[in-house]
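Asker: Chains as they are written, first to last, in my numbering: chain U, -15 to 94; chain A, 10 to 120. In this text, a Cβ means the ideal position worked out from N, Cα and C, and glycines have one as well.
(1) On the criterion of 16 or more Cβ atoms from any shown chain inside 10 Å, does residue 8(A) qualify as buried, or is it exposed?
(2) Would you say the stretch 22 to 32 of chain A touches the stretch 47 to 56 of chain A, given that touching needs at least three Cβ pairs under 8 Å?
(3) Check whether the Cβ of residue -6(U) lies closer than 8 Å to any Cβ atom in chain A.
(4) Taking 8 Å as the CB-CB cut-off, is residue 61(U) touching chain A?
(5) Can you find the residues in the same chain that come closer than 7 Å, C-beta to C-beta, to residue 3(U), ignoring five residues on each side of it along the sequence?
(6) Under 7 Å Cβ to Cβ from residue 95(A), same chain only, skipping five residues before and after it: list those, please.
(7) Near residue 67(A), which residues of its chain fall below 7 Å by C-beta distance, leaving aside the five closest residues on each side in sequence?
(8) Buried or exposed: residue -9(U), going by 16 or more other Cβ atoms within 10 Å of its Cβ?
(9) So what does DSSP say about residue 93(A), is it helix, strand or coil?
(10) Round the Cβ separation of residue 68(U) and residue 23(U) to the nearest angstrom and send it over; I've been treating them as touching at under 8 Å.
(11) Assuming residue 88(U) contacts residue 5(U) (C-beta within less than 8 Å), just tell me the rounded distance between them.
(12) When DSSP labels each residue in this structure, what does residue 41(U) get in the three-state scheme?
(13) Determine, using beta carbons only, whether residue 64(U) and residue 92(U) come nearer to each other than 8 Å.
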């Protein structure tokens, strides 16, 4: 089983749609969680951290369920500029490596 | 902010050769980590350096080695290149546990 697993995608949605990405992680000792965005042939960039209480940043909402070892990202009112690959990232306390999922590709169409 | 810069941007090497990739960290960042990203995959952690010492390593063989310099810049060295080493190599810098900032990467092709 992979340490971080994501929906394989791709997701193709119209502008204005709501889309949700799911991610599961295998190591229950994991402590920090993030969503990164990676545009084609570019480096990953932090989209948002994920907190146990859930957090929202504009059209983006992230949720964490530690009991189920599950992370989600919800994008409301999708824009063309949201088209990218979304990477789920997990980090363990005391360990310095971040474990990335394979990413889920989103294409928002007019 | 200067950002994280990597060089070269692209590189072609022959199987069996050695390669050195370079990374200049964001000003004020003392931690550098390296990742390998194969096509269609997420980045895989190679190792991390903090104040010139390796303080974390992923599941990569010893022919992947690194250095961090007093100015916190870093090198990734790969010996005995294999075809499967072809990938995008990403460097990320951070200050202690702060968010990692990635460079735009070096695309290595091994032929």
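Answerer: Taking the coordinates as given:
(1) Nothing about residue 8(A) can be reported from this structure: the residues present for chain A run from 10 to 120 only.
(2) no
(3) no
(4) no
(5) -5, -3, 59, 62, 90
(6) 117, 118, 119
(7) 53, 54, 55, 56
(8) buried
(9) helix
(10) 5 Å
(11) 5 Å
(12) strand
(13) yes
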